[in-house]
Amino acid sequence: MRITMKEIAKEAGVSVTTVSHVINGSKKITEETYNRVMDIVNKYNYVPNYSAKNLRNNTTKTAGLIVPSFPDSFVTQYINAISLRAKEMNYNLLFVNTNEDVDYEESTLKLFSSQMVDGIILAPAASYSKPFPYDIHSIMKNLPVVLISRYHDALSDTPMVCQDDYQAGFDAAKHLLSHGHKKMVVVYAMDDIGPTFNRIKGFKTALEQEGLTLDPEQIIDGEATVQGAEKAVKKLINNQPDITAMFLLNDSMTIGAISALKDMNVSIPNDMAIIGFGDFPSASIISRPITTISASAETMGRTAFDMLLNKINNPDYNNKVIVPTYLIKRKSCGC
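Just so it is clear: in the sequence shown, position 153 is 232 by this note's numbering, and no numbers are missing.
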């Protein structure tokens, strides 16, 4: 049978208030009393009824995190940072990966909004160039939401933290241009999301400043995976042998590209220069250390959670934070 706080108090010979202070750490209790109460709590494996407590306090001390995928270290790092920051702030975290399924995203948001969480950090799966696929504003009426990494024009009135994707693409192209490359490709993960759109836009702008173009056949789909990039890069080498450099928009695809080039005896950087995005852990120690564009995923994650706390406490909060990206020069471009 489930033991109650009242029964614990009776067995310990103390008040229910004292038991509450012991369990919640809300007041200093003598060591003897604390140990006596906790012995009974442990004996019966007592777990507080948080749902009843939350109804009384109008809070759950729980946040939701919804991401569309996490195939690379950059996303994993900001997820971990959010988790650590939630713990520091005495919050629980409910995490869902929707695998780019907008219907699943919608149902998860509706579930979380039914008093399960105090607010949500969301990286939406919606296509950037199309209308938002469901009525997210009705879900958000009573649910604080902060966007991370991905964005959408329909959510312009929503707090957001993201990386400077335009600058990332611009800097990648500028660096390749500085090494004399004129025929380049961009290997993307998802073709219609904000980060991809803006990284390609920045890349194109840098080329245009030098009188060069990025043609449609130079923007290829790497399927966000190691295997997808391997397949795409092998096809690229066969079909466009004049390409001398590539910018890969996530870590998994960078690994796939390295594997494909090795299989085809294409030398990095002599035959093909590579810039990745995200800076996976072994990027600096492989035989040709990989030049990358990155942003502080830890800063993004921690900032997103702090913004969510702001939104929970102030419904009018609507800040936008752009985390700078930076170039890490290594040998894969010839540096």
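Glycine included, C-beta positions come from ideal geometry on N, C-alpha and C.
Extent of the continuous beta strand (DSSP E) to which residue i belongs
i	result
T141	T141 to V146
V240	M239 to Q242
I372	T370 to A374
L226	V224 to I227
Beta-bridge partners of residue i, as assigned by DSSP
i	result
N171	T141
F326	V265 and I354
T404	A374
I200	L144 and V225
K399	M239
S176	Before going further, note that residue 176 is Asn rather than Ser in the sequence given. Answer is V146, bridged to N176.
Min CB distance residue i to chain D below 8 Å
i	result
Q194	Chain labels in this structure do not include chain D; a single protein chain is all it has.
Assigned exposure category for residue i - 16 Cβ within 10 Å defines buried
i	result
Q246	buried
D236	exposed
H216	exposed
M263	buried
L134	Note on L134: pLDDT 48, under 50, position unreliable in the model; the coordinate value appears next. Exposed, by the Cβ-count rule.
I353	buried
G92	exposed
N329	buried
Q288	exposed
T109	exposed
C241	buried
D197	buried
C-beta contact flag for residue i and residue j at 8 Å
i	j	result
M84	S99	yes
Y280	G301	According to the sequence displayed, residue 280 carries Lys and not Tyr. Not in contact: K280 and G301 (Cβ atoms no closer than 8 Å).
T370	G357	no
K410	P368	yes
Y157	M379	yes
L286	A251	no
L327	A308	yes
Y207	F276	yes
T112	T97	yes
A204	P150	no
G335	V305	yes
L387	A142	yes
K107	P223	no
F153	L173	no
A374	M332	no
Delimiting residues of the alpha helix (DSSP H) encompassing residue i
i	result
D300	Per DSSP, D300 belongs to no alpha helix (DSSP H); it is in the beta strand (DSSP E), I298 to D300.
G281	G273 to E287
L190	V181 to S192
M195	Unbroken run through M195: none, as it is neither H nor E.
L315	V305 to N318
Y113	E110 to K122
K85	M84 to A91
I365	No alpha helix (DSSP H) holds I365; DSSP gives it neither H nor E.
N103	V95 to N103
S217	I215 to I218
Distance cut-off 7 Å: residue i Cβ against heavy atoms of the ligand NAP
i	result
R229	Of ligands this structure carries none, so the ligand NAP is not represented either.
(request) Decide if the region 248 to 267 is in contact with the region 323 to 332; the criterion is three or more beta carbon pairs, one per stretch, under 8 Å apart. (result) yes
(request) State whether the region 166 to 184 contacts the region 217 to 231, with contact taken as three or more CB pairs (one from each stretch) at a distance under 8 Å. (result) no
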